[in-house]
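Peer 1: Residue 282 is where the sequence shown starts when you use this note's numbering, and the numbers rise one by one after that.
Just so you know, even glycine gets a beta-carbon here, dropped at the ideal spot from N, CA and C.
Since the structure is predicted, the reported quantities are computational estimates derived from the model, not experimental observations.
Quick one: the structure is below, and I'll ask about it shortly.
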Amino acid sequence: MLREYTIPKDALVGKTIIVTGGDAGLGRSSVQSFALAGAKVIIATQSLDRATSTKNEIMTIVAQKNAKGTVEAIAVDISSMKAVQVFAAKFLGRGEKLDILVNNAGVISRSNTKTAECFEVHFALAQGHFLLTLLLLPALKKARNARILTISSVAHSAISGIPYDNIYGGKVPNKQSISGAVKSYGVSKLADVYYSRWTAQQLKTTGITTYCIHPGAVSTGIWKIVPIAVRWIIKHVTIPVEEGARTYLYCAVDPEAGKESGLYYYDCAVKRPSEVGADDKKAAELVATSGKWLNIDVHSYFK
């Protein structure tokens with residue numbers, strides 16, 4: 282059992298939060314906690330129907346608890362760089378500040394694993410979150426001491442490096458084996474660690490802080506690709522979603538966490554990522570490569 286962590290009622294009144302993949306699992310749990318604490322929360326996820334259903338369910342709970350939060354549902358496919366650009370432009374067009382960005386959306390998939398933009402889909406989610414972070418920096422800078430949470434996993438520690446030839450271009454497969462998909466997931470989570478570390482270094486003097494989170498072994502729909510027998514085992518050795526989401530809450534609001542940036546967290550505490558994950562040169566290499574693939578000057582966003 283992980284340590285307890287809750288946000289007091291009304292503690293987030295006046296705050297605006299975006300949670301990608303907030304329609305289910307860990308994302309949904311955090312959206313509910315943020316809304317009950319009074320925040321304006323935007324669920325940004327691929328299925329508008331699922332997001333709207335989740336919004337309605339959470340708003341019913343908010344009303345029952347007499348809380349002040351609100352929830353909005355917006356459709357965006359984070360694995361599509363074009364969709365990320367459109368979403369970010371629309372949000373910036375509203376002129377709002379953004380207090381907390383939670384880069385949560387994740388997947389483990391065996392099919393349709395090559396996106397229309399020729400990225401491996403697991404990696405595309407990590408890179409899409411990085412691009413989203415860059416694009417939303419103007420809104421984050423409007424807030425006082427904004428925070429950026431990126432959800433990684435201990436799965437990153439099983440990966441020895443980023444396989445650049447296999448995550449963009451002609452070698453990206455359309456289908457993957459179970460083991461291949463799990464490895465691709467691990468690669469994406471290593472990328473999350475790198476993007477978060479690198480971004481923190483660029484934001485040192487801005488008051489904006491970044492956090493990379495391993496929520497723990499949580500039983501969510503992400504494991505639906507494995508055989509039923511394996512899913513049964515996973516269900517009985519994992520922790521509830523609400524426990525896994527506690528580190529989200531800690532990194533989002535805790536005063537002590539606000540004094541830190543660019544670190545890796547588990548169970549509401551700083552942990553060390555893998556040796557490979559702690560390599561800042563490799564992080565810079567990934568960022569430079571993404572900049573080339575996306576045809577952007579990544580450093581220009583921090584000027």
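Following the continuous beta strand (DSSP E) through Glu377, name the residue where it begins and the one where it ends.
Peer 2: Glu377 -> no beta strand (DSSP E), and no H or E assigned at all.
Peer 1: Let me confirm a value: Ser581 is counted as buried when at least 16 other C-beta atoms fall within 10 Å, else exposed. Which label applies?
Peer 2: With fewer than 16 Cβ atoms within 10 Å of its Cβ, Ser581 is classed as exposed.
Peer 1: Quick check: the segment 319-330 against the segment 299-308, are at least 3 beta-carbon pairs closer than 8 Å?
Peer 2: Contact holds: three or more Cβ-Cβ distances are below 8 Å.
Peer 1: Rounded to whole angstroms, what is the Cα-Cα separation between Val474 and Gly387?
Peer 2: If I take the Cα positions, the gap works out to 14 Å.
Peer 1: By alpha-carbon positions, which one of Glu566, Leu373 and Thr297 ends up nearest to Thr480?
Peer 2: If we check each option's Cα against that of Thr480, Glu566 comes out closest.
Peer 1: Please go through the same chain and pick out, in chain order, the residues whose beta-carbon is closer than 6 Å to the beta-carbon of Phe583, but skip the five residues on each side of it.
Peer 2: Closer than 6 Å at Cβ, skipping near neighbours: Gln483.
Peer 1: State yes or no: is the C-beta of Thr381 within less than 8 Å of the C-beta of Arg331?
Peer 2: What sits at residue 381 in the sequence shown is Ile, not Thr. No; because the gap between Cβ atoms is not below 8 Å, this pair is not in contact.
Peer 1: In the structure shown, what three-state DSSP assignment does Ser392 receive?
Peer 2: Three-state DSSP puts Ser392 in a strand.
Peer 1: The beta strand (DSSP E) spanning Tyr492 covers which residue range?
Peer 2: Note, Tyr492: beta strand (DSSP E), Thr490 to Ile494.
Peer 1: Using the C-alpha atoms, what's the distance from Ala354 back to Val463?
Peer 2: Cα to Cα, Val463 sits roughly 29 Å from Ala354.
Peer 1: Determine, using beta carbons only, whether Arg284 and Cys549 come nearer to each other than 8 Å.
Peer 2: Yes, the Cβ-Cβ distance between Arg284 and Cys549 is below 8 Å.
Peer 1: Is the beta carbon of Gly350 closer than 8 Å to that of Leu317?
Peer 2: Yes; because the gap between Cβ atoms is below 8 Å, this pair is in contact.
Peer 1: Would you kindly check if the distance between the Cβ of Val352 and the Cβ of Met340 is under 8 Å?
Peer 2: Taking 8 Å as the Cβ cut-off, Met340 and Val352 qualify as a contacting pair.
Peer 1: For Ser438, which residues in the same chain have their Cβ closer than 6 Å to its Cβ, ignoring the five residues on either side in sequence?
Peer 2: Cβ neighbours of Ser438 beyond the five flanking positions: Ser555.
Peer 1: Which whole runs of the beta strand (DSSP E) in the segment 297-355 are 3 residues long or more, in chain order?
Peer 2: Complete beta strand (DSSP E) runs here, min 3: 297-301 and 321-326.
Peer 1: Considering only C-alpha positions, which residue in the set Ala564, Thr333, Gly461 and Arg553 is nearest to Ile443?
Peer 2: Looking at the Cα atoms, Ala564 is the closest of the given residues.
Peer 1: Candidates Asn384, Tyr445 and Gly319: which alpha carbon is nearest His495's?
Peer 2: When each option's Cα is compared against that of His495, the closest is Asn384.
Peer 1: Decide if the segment 360-379 is in contact with the segment 390-401; the criterion is three or more beta carbon pairs, one per stretch, under 8 Å apart.
Peer 2: In short, these stretches touch, since the Cβ pair count reaches three.
Peer 1: Tyr286 by DSSP, collapsed to three states: which one?
Peer 2: Note: Tyr286 maps to coil in three-state DSSP.
Peer 1: Which residue from Ile298, Gly308, Val568 and Ala320 puts its Cα closest to that of Tyr445?
Peer 2: When each option's Cα is compared against that of Tyr445, the closest is Val568.
Peer 1: Helix, strand or coil: which one does DSSP assign to Ile381?
Peer 2: Reduced to three states, the DSSP call for Ile381 is strand.
Peer 1: Run the CB neighbour count on Gln457, radius 10 Å, all protein chains shown included, and call it buried at 16 or more, exposed below.
Peer 2: Looking at its Cβ environment, which holds 16 or more other Cβ atoms inside 10 Å, Gln457 is buried.
Peer 1: Tell me whether Lys464 sits in a helix, a strand or coil according to DSSP, three-state version.
Peer 2: Note: Lys464 maps to helix in three-state DSSP.
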